[in-house]
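Enquirer: With the first letter of the sequence shown counted as 1, position 151 gets the number 152 in the working numbering; the numbers rise by one all the way through.
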Amino acid sequence: MLISAALLWLILWGLAFITTRASLELLRNPEELDTIAQALPPFRKARLAQLLKNPQSTLFALSWARSLSLLLATVTAFGITASSQPVQPVLTLAILLSVTYLGFIFFGEALPRYLPAEPGKSPLVRYLWLVYALRFLFSPLLILLKPYQARLKSTPAELEEKKEELVERALESLAESTGMGELVVEKEEKEMIQKIFRLDTTEVKEVMVPRINMVWVEVNEGLEEIKKKIKETGHARFPLCRKTIDEVAGILYAKDLLASLTLGEKPDLEKIARPAYFVPETKMLDELLLELKNMKNHLAVVVDQYGGTAGMISLEDILEAIVGDIRQESETPEKKEIEKISELEYLVLPTVSLANLAEALSSRLPEEEFDTVGGLIYALVGTLPTVGQKVNSNGLEFTVEKVSGQRIQLVRVTKVLPQPKSSA
């Protein structure tokens, strides 16, 4: 009886270990799982995709399986006590329950949390067959509880409200602790504090410099061209790439290049470049800020789910997400994003969001399909736009005023007045 119970306990402890390990992996590394999935066979890739499609349901199933294994182990302890009829049943039961719960604490909590994962391998993928089976086993219960799952999660509006309340309490506490009485905080200062609290919900891709706007240096580029880029942009760091922007060899610092030139040598750009730090576009800003601080780094290259370069992000970009635009001394004043020429005409930068343009012009635009004015024009034209090219959408005429290379620089937006109906 004891041998059978011990074997059952080991199986249940193993189940607790696997479910906890898989749950932690699902919570910690969703972007890494997407990358790992690309190398899996089609059948396993499809199974993993089903689990990742609704991670909340998968987590529920794993949690219920862990709770069920603990319940079965507890019932086993009671069963052994009842069947063996020991001289001191209370003491025997206490010992068996202690063994049961200590085993679950070790195998179900401590070991899966502190056991290091193998680089490039995921515990969730390793135990994919079991996790998928548990998800399938609990699917009837998941379907029944689906209407209630949403209530267990806070909506974005509720999270913002909680953060605002937290800011208010923090300011009140500061006022009380410093004896300042009622602390008066300007609107801009309060907004800045709230933006700090939003860093943990803001992804890198929301504030990064997109790849189309990146200024980079090719490994075989001439010194004069590099000097020109440094002078025109005022940047101190540039991604160093091999032939294409997707092959980043490192980060070239202007001061390292200058030091090499001072020695009278022809610099080998790859040798003087510093290692590039790569981050996924789904990483949260608070995590990246801490990582850059600890690494004493200022720049990171952002990669998409396929490993290509999506953009780059610097400490300045993160800071601007908190305090707003920071203008360098070398920068010329920027043009207005939306400049009114007349009641019917506006000059607009291609980076302006369609939501802001629609609000400024009191018009309706297809915001669901495109984010910016430039994106809308590229989609409507279907090819690289040329100067003077016109497209129409929702009663507005978009005229490409200026193009540099493959990028639109300026757009003229004209309200098209409806033609009066001719009388019969």
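Heads up, the beta-carbon is just placed ideally off N, CA and C, and yes, glycines get one too.
Please read all numbers here as calculations on a predicted model, not as lab measurements.
1. For Lys244, which of helix, strand or coil comes out of DSSP?
2. Three or more C-beta pairs under 8 Å: does that hold for the region 40-57 against the region 133-140?
3. Please confirm if the region 295-306 is in contact with the region 229-236, defined as three or more CB-CB distances below 8 Å between the two stretches.
4. So which of Leu41, Asn357, Ser84 and Val132 has the shortest CA-CA distance to Glu23?
5. Going by DSSP in three states, Lys294 sits in which element: helix, strand or coil?
6. What would DSSP say about Ser331, mapped onto helix, strand or coil?
7. By how many angstroms is the C-alpha of Thr352 removed from the C-alpha of Leu291?
8. Roughly how many whole angstroms lie between the Cα atoms of His236 and Ile19?
9. Would you call the region 279-298 and the region 258-267 touching, i.e. three or more CB-CB distances under 8 Å?
10. Is Trp14 closer than 8 Å to Phe79 when the C-beta atoms are compared?
11. Throw me the rounded Cβ distance for the Leu241 and Ala274 pair, which I believe falls under 8 Å.
12. Just how far apart, CA to CA, sit Ser315 and Val249?
13. Only counting runs of 4 or more residues, tell me where the alpha helix (DSSP H) segments fall wholly within the region 42-111, in order along the chain.
14. In the DSSP assignment, find the alpha helix (DSSP H) that holds Ser261 and state where it starts and stops.
15. Considering Ile323, what are the terminal residues of the alpha helix (DSSP H) in which it resides?
16. Is Ala250 helix, strand or coil when you go by DSSP?
17. Where do the ends of the alpha helix (DSSP H) carrying Arg136 lie?
18. Determine the direct distance from the alpha carbon of Gly396 to that of Trp65, and round the result to whole angstroms.
19. In whole angstroms, give me the CA-to-CA distance for Leu11 and Leu73.
20. Can you name the start and end residues of the alpha helix (DSSP H) that Glu470 belongs to?
21. Have a look at Lys272, Glu288 and Leu270 and flag the residue whose alpha-carbon is nearest the alpha-carbon of Thr202.
22. Out of curiosity, what's the CA-to-CA distance linking Phe61 and Leu143?
23. What residue ranges within the region 367-392 form continuous alpha helix (DSSP H) runs of no fewer than 4 residues, ordered along the chain?
24. Whole angstroms are fine: how far does the CA of Ser70 sit from the CA of Ile102?
25. Output yes or no for whether 8 Å exceeds the beta carbon distance between Val208 and Phe239.
26. Grouping DSSP H, G and I as helix and E and B as strand, with all else coil, what is Tyr347?
27. In chain order, what residues of the same chain have a beta carbon less than 6 Å from the beta carbon of Gly312, not counting five sequence neighbours either side?
28. Do Val417 and Lys403 have their C-beta atoms within less than 8 Å of each other?
29. Is it the case that the Cβ atoms of Arg365 and Ala359 are separated by a distance below 8 Å?
30. Buried or exposed: where does Ile378 fall if 16 or more other Cβ atoms within 10 Å of its Cβ makes it buried?
31. Determine, using beta carbons only, whether Leu253 and Leu264 come nearer to each other than 8 Å.
32. Using three-state DSSP, classify Ala237 as helix, strand or coil.
33. So for Leu145, helix, strand or coil by DSSP?
34. Taking the continuous beta strand (DSSP E) assigned at Glu338, which residues delimit it?
35. Got a sec, what are the start and stop residues for the beta strand (DSSP E) Ala356 sits in?
36. For the alpha helix (DSSP H) that contains Glu271, what are its first and last residues?
Expert: Once the coordinates are examined:
1. Translated into the one-based positions of the sequence shown, residue 244 becomes position 243. Three-state result, Lys244: coil.
2. Three or more Cβ pairs closer than 8 Å define a contact, and the region 40-57 meets that threshold against the region 133-140.
3. Because the criterion of three Cβ pairs below 8 Å is not met, the region 295-306 and the region 229-236 do not touch.
4. Working through the sequence shown from its first residue, we reach residue 23 at position 22. Checking the sequence shown, residue 23 turns out to be Ala, not Glu. Considering only alpha carbons, the answer is Val132.
5. The residue labelled residue 294 in the question sits at position 293 within the sequence shown. In the structure shown, Lys294 adopts helical secondary structure according to DSSP, grouped into three states.
6. Within the sequence shown, numbered from 1, the residue matching residue 331 stands at position 330. The pLDDT assigned to Ser331 is 49, lower than 50, so where the model puts this residue is not dependable; a value taken from the coordinates is nonetheless given after this. The answer is coil: DSSP assigns Ser331 none of H, G, I, E or B.
7. Counting from 1 along the sequence shown, the entry for residue 291 is found at position 290. Counting from 1 along the sequence shown, the entry for residue 352 is found at position 351. One alpha carbon belongs to Leu291, the other to Thr352, and they sit about 29 Å apart.
8. Locating residue 236 in the sequence shown gives position 235, where the first residue counts as 1. Locating residue 19 in the sequence shown gives position 18, where the first residue counts as 1. Between His236 and Ile19, the C-alpha separation is close to 49 Å.
9. Judged by pairs of C-beta atoms under 8 Å, the region 279-298 does not touch the region 258-267, as fewer than three such pairs exist.
10. Position 78 of the sequence shown, counted from the first residue, corresponds to residue 79. Position 13 of the sequence shown, counted from the first residue, corresponds to residue 14. No, the Cβ-Cβ distance between Phe79 and Trp14 is not below 8 Å.
11. Here residue 241 refers to the residue found at position 240 of the sequence shown. Here residue 274 refers to the residue found at position 273 of the sequence shown. Correct: roughly 5 Å between the Cβ atoms.
12. In the sequence shown, counting from the first residue as 1, residue 315 sits at position 314. In the sequence shown, counting from the first residue as 1, residue 249 sits at position 248. CA-CA distance, Ser315 to Val249, rounds to 16 Å.
13. Segments of the alpha helix (DSSP H) lying fully in the region 42-111: 43-54, 56-85 and 90-106.
14. Looking up residue 261 in the sequence shown gives position 260. In the DSSP assignment, Ser261 falls within the unbroken alpha helix (DSSP H) covering Ala255 to Thr263.
15. Counted from its first residue, the sequence shown places residue 323 at position 322. Run containing Ile323: Leu316 to Val324, per the alpha helix (DSSP H) assignment.
16. Within the sequence shown, numbered from 1, the residue matching residue 250 stands at position 249. Here Ala250 sits in strand by DSSP.
17. Numbered from 1 along the sequence shown, position 135 holds the residue referred to as residue 136. Residues Leu129 to Leu138.
18. Taking the first residue of the sequence shown as position 1, residue 65 is located at position 64. Taking the first residue of the sequence shown as position 1, residue 396 is located at position 395. Gly396 has its alpha-carbon roughly 55 Å from the corresponding atom of Trp65.
19. Residue 11 sits at position 10 when you count from the first residue of the sequence shown. Residue 73 sits at position 72 when you count from the first residue of the sequence shown. If you draw a straight line from the Cα of Leu11 to the Cα of Leu73, it is about 12 Å long.
20. The requested residue 470 is not part of the displayed model; the chain covers only 2 to 425.
21. One-based indexing of the sequence shown puts residue 202 at position 201. Nearest to Thr202 by C-alpha distance, out of Lys272, Glu288 and Leu270, is Glu288.
22. In the sequence shown, counting from the first residue as 1, residue 61 sits at position 60. In the sequence shown, counting from the first residue as 1, residue 143 sits at position 142. Roughly 8 Å between the two C-alpha positions.
23. Entirely contained in the region 367-392, the alpha helix (DSSP H) runs reaching 4 residues are, in chain order, 374-382.
24. The residue you call residue 102 lines up with position 101 of the sequence shown. The residue you call residue 70 lines up with position 69 of the sequence shown. Note that residue 102 corresponds to Tyr in the displayed sequence, not to Ile. Cα to Cα, the separation comes out at about 11 Å.
25. As a working mapping, residue 208 is identified with position 207 in the sequence shown. As a working mapping, residue 239 is identified with position 238 in the sequence shown. It is not a contact, given that the beta carbons lie outside the stated cut-off.
26. On the sequence shown, position 346 is the one that residue 347 refers to. Three-state DSSP puts Tyr347 in a strand.
27. Start at 1 with the first residue of the sequence shown, and residue 312 comes out as number 311. Closer than 6 Å at the Cβ level, and outside the excluded window around Gly312, lie Met209, Val210, Pro211, Arg212 and Val303.
28. Position 416 of the sequence shown, counted from the first residue, corresponds to residue 417. Position 402 of the sequence shown, counted from the first residue, corresponds to residue 403. One thing to note: Val417 has its Cβ no nearer than 8 Å to the Cβ of Lys403.
29. As a first step, residue 365 is located in the sequence shown; it is residue number 364 there, counting from the start. As a first step, residue 359 is located in the sequence shown; it is residue number 358 there, counting from the start. Using a Cβ distance threshold of 8 Å, Arg365 and Ala359 count as a contacting pair.
30. In the sequence shown, the residue the question calls residue 378 occupies position 377. Buried, because 16 or more other Cβ atoms sit within 10 Å of the Cβ of Ile378.
31. Position 252 of the sequence shown, counted from the first residue, corresponds to residue 253. Position 263 of the sequence shown, counted from the first residue, corresponds to residue 264. The answer is no: Cβ separation not under 8 Å.
32. Stepping through the sequence shown from its first residue, residue 237 is reached at position 236. DSSP places Ala237 in coil when its eight states are reduced to three.
33. Locating residue 145 in the sequence shown gives position 144, counting from the first residue. Here Leu145 sits in helix by DSSP.
34. As a working note, residue 338 is residue 337 in the sequence shown. Unbroken run through Glu338: none, as it is neither H nor E.
35. In the sequence shown, the residue the question calls residue 356 occupies position 355. Here Ala356 belongs to no beta strand (DSSP E); instead the alpha helix (DSSP H) covers Leu355 to Leu362.
36. Counted from its first residue, the sequence shown places residue 271 at position 270. Boundaries of the alpha helix (DSSP H) around Glu271: Leu270 to Ile273.
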